[in-house]
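Student: Below is a structure I'd like to ask you about.
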Amino acid sequence: MTTKDLIAAYYAAFNAGRTDEMLTYLHDGIEHHVNEGKIRHGKDLFRAFNAHMTRCYRENLTDIVIFANDAGDRAAAEFVVNGTYLATDEGLPEANGQTYVLPAGTFFSIRDGKISRVTTYYNLADWMKQVGA
């Protein structure tokens, strides 16, 4: 599987709601750098993050463009997040089914054919405005 194929499979699993499948594309030593948050280390914390996100948000990514370096050990993806805010997330505005459309991007490191780092960025102020904060 090429690096681009790996990232495409990861996002296909995300869009299909198969968060357990997403874990199969991750290296055991995964580092998950979230926007405005702490670095999470390991698949257990990534699984917990996915469970939390599934409870609070329903998201589908569109317009995904994947880039990879020639060595195949670094990649990036740019996409649009089409979401619904389902349940109030701690420290954020109250959820009442607000929808949002948000450009975002993720950077990846690849090790041993698996994703070893996921770093996602989006404009939190834009999201807050869209959900009525």
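FYI, in this note's numbering the residues of the sequence shown are 35 to 167. Ideal Cβ positions, reconstructed from N, Cα and C, are used throughout, including at glycine.
#1: Among 114, 101, 163, which residue has its Cα nearest to the Cα of residue 36?
#2: Can you check whether the CB of residue 132 is closer than 9 Å to the CB of residue 165?
#3: Should residue 86 go down as buried or exposed, given a rule of 16 or more other Cβ atoms within 10 Å for buried?
#4: Could you tell me how far apart the beta carbons of residue 48 and residue 66 are, in whole angstroms, since I believe they sit closer than 8 Å?
#5: Expressed to the nearest angstrom, what Euclidean distance is found between the alpha-carbon atoms of residue 135 and residue 69?
#6: Buried or exposed: where does residue 151 fall if 16 or more other Cβ atoms within 10 Å of its Cβ makes it buried?
#7: Assuming residue 120 contacts residue 90 (C-beta within less than 8 Å), just tell me the rounded distance between them.
Tutor: This is what the structure gives:
#1: 101
#2: yes
#3: exposed
#4: Incorrect: roughly 13 Å between the Cβ atoms, too far for contact.
#5: 16 Å
#6: The Cβ neighbour count for residue 151, taken over all protein chains shown within 10 Å, is at least 16; the residue is labelled buried.
#7: 6 Å
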